[in-house]
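Everything below concerns the one structure shown next.
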Amino acid sequence: MKKQRSFKDKTVGILYLVPTPIGNLEDMTFRSVKTLQAVDLIASEDTRNTQKLLNHFEITVPQKSLHEHNYKERVPQLVEYLKEGKSIAQVSDAGMPSISDPGHELVLACIEEEISVVALPGPTAGLTALIASGLTPQPNYFYGFLKRKKKEQLAELATLKYQKATMIFYESPYRLGTTIENMMEAFGPNRQAVVCRELTKIHEEYLRGTLAELKEYLDETPVKGECCLMVAGATEEAPAEEIVGTITEQVEALIADGMKPNLAIKEIAKKNSLKKQVVYNDYHGLNEV
Numbered sequence: 162m163k164k165q166r167s168f169k170d171k172t173v174g175i176l177y178l179v180p181t182p183i184g185n186l187e188d189m190t191f192r193s194v195k196t197l198q199a200v201d202l203i204a205s206e207d208t209r210n211t212q213k214l215l216n217h218f219e220i221t222v223p224q225k226s227l228h229e230h231n232y233k234e235r236v237p238q239l240v241e242y243l244k245e246g247k248s249i250a251q252v253s254d255a256g257m258p259s260i261s262d263p264g265h266e267l268v269l270a271c272i273e274e275e276i277s278v279v280a281l282p283g284p285t286a287g288l289t290a291l292i293a294s295g296l297t298p299q300p301n302y303f304y305g306f307l308k309r310k311k312k313e314q315l316a317e318l319a320t321l322k323y324q325k326a327t328m329i330f331y332e333s334p335y336r337l338g339t340t341i342e343n344m345m346e347a348f349g350p351n352r353q354a355v356v357c358r359e360l361t362k363i364h365e366e367y368l369r370g371t372l373a374e375l376k377e378y379l380d381e382t383p384v385k386g387e388c389c390l391m392v393a394g395a396t397e398e399a400p401a402e403e404i405v406g407t408i409t410e411q412v413e414a415l416i417a418d419g420m421k422p423n424l425a426i427k428e429i430a431k432k433n434s435l436k437k438q439v440v441y442n443d444y445h446g447l448n449e450v
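Residues in the sequence shown are numbered from 162 upward in steps of one, following my numbering.
In structure tokens form, the structure reads like this:
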């Protein structure tokens, strides 16, 4: 166990996770601007994109890039920088760092080195779109981007068929229609869903309806801009899993698949709604007279 007191240790720097606007620059908080002004370095997903933001708020702090193609060599450099007592603000192109964006590796490295990681609140597309969608906001399940290939995407969606929470996905406008078509196959055409595009921008738009209605609309009217797709949770229960064989046979089947005996016993106890000791005794023949 590790305990972080975010502002206690003055001998090393702090990694600040700073959210940036997802469209409207006025969504930048006072604290975010002050933090970017005060740190020694800004680690940016795309320095060219972030420079536009910095110019708008007259921030002159230097940047270093941190993205999926350079994080292996960049993260150790940034950690050493923090150990020297200098602070870093990490930003993505829009919204919260690490949410469908690079940066998580730096967070893990800082935690390992016991360097404080401080997250600032601010813009995030998923929850912002959800509360205006009309779908049940709680519970919700943020999924982010699905895989692109149809077979892999259908396999992912199959695991979500009986998810009760409202699901939040990010999707490219160019793949949106295909993704909704795959959802119709996985969830059925009548599942309620909402597409929000260009969130916080002048062309912000919500499309509400069933998956089938959204697919029909998109076939006739392709959309542009950043998209957030929200799908209502399932109302039906998952079918009960068929239980085959005796308790001992079920445990032996899991062990044959490579599971350790104790884990297999625990799994079969859960599956059959039995106490673990009952399954343990049955498997080891301790219930026999």
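Backbone N, C-alpha and C fix where the C-beta goes; we use that ideal spot for every residue, glycine too.
- For the pair residue 176 and residue 346, the Cα-to-Cα distance works out to about 44 Å.
- Between residue 340 and residue 332, the CB-CB gap stays under 8 Å.
- Here DSSP, grouped into helix, strand and coil, assigns residue 356 to strand.
- Contact between residue 247 and residue 201 is confirmed by a C-beta separation of about 4 Å, below the 8 Å threshold.
- Three or more beta-carbon pairs drawn from the stretch 268 to 276 and the stretch 227 to 241 are found closer than 8 Å, and the two stretches are therefore classed as touching.
- Between the alpha carbons of residue 439 and residue 420 lies a gap of roughly 19 Å.
- Counting the other Cβ atoms within 10 Å of the Cβ of residue 232 gives 16 or more, which makes it buried.
- Taking the C-beta atoms as reference points, residue 358 is found no nearer than 8 Å to residue 394.
- In this structure, the CA atom of residue 257 is about 41 Å from the CA atom of residue 418.
- Three or more pairs of CB atoms, one per stretch, sit closer than 8 Å, so the stretch 406 to 417 contacts the stretch 429 to 436.
- Restricting attention to 288, 299 and 344, the CA atom closest to the CA of residue 317 is found in 344.
- Counted as a single uninterrupted DSSP element, the beta strand (DSSP E) harbouring residue 327 occupies residues 327 to 332.
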